[in-house]
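Those letters in the sequence shown? Residues 61 to 127, per our numbering, in order. Positions of the beta carbon are idealized from the N, C-alpha and C atoms, including for glycine. Beneath this line is the structure, given in structure tokens, with notes to follow.
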Amino acid sequence: MISYKPFLKLLIDKDVKKLDIVKSTGISWATLAKMNTNEYVSLEVIDKLCGYLKCQPGDLIEHIQES
61 MISYKPFLKL LIDKDVKKLD IVKSTGISWA TLAKMNTNEY VSLEVIDKLC
111 GYLKCQPGDL IEHIQES
């Protein structure tokens, strides 16, 4: 399973609000809501977030082994 917990932590660490992301990147609220529940988002979204936050994909996602 893919988790977006690192993304949420990064927002806190960089003091970035989701509203700023929506306004600056065009990523929708619905897409950000998907990330809260670890649902699939496209690589295009990950790419936009990496560009905006100046980070790598590994800074946004992690793989959690399902048992």
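- Message: Can you give me the C-alpha to C-alpha distance between Ala93 and Cys110, rounded to a whole angstrom?
- Response: Rounded to whole angstroms, Ala93 to Cys110 spans 17 Å at the Cα level.
- Reference Lys74; option with closest CA among Lys114, Glu122 and Ser127: With distances taken between Cα atoms, Lys74 lies closest to Lys114.
- Item | Rounded Cβ spacing between Ile106 and Pro117 (contact assumed at less than 8 Å) | Pro117 and Ile106 do touch by the CB rule: their CB atoms are close to 5 Å apart, below 8 Å.
- Query: Is the beta carbon of Tyr190 sitting closer than 8 Å to the one on Ile81?
  - Reply: Outside the modelled stretch of the chain, which goes from 61 to 127, sits residue 190, for which no answer is possible.
- Item | Cβ neighbours of Asp119 in the same chain (closer than 7 Å, five flanking residues each side left out) | Pro66 and Leu70
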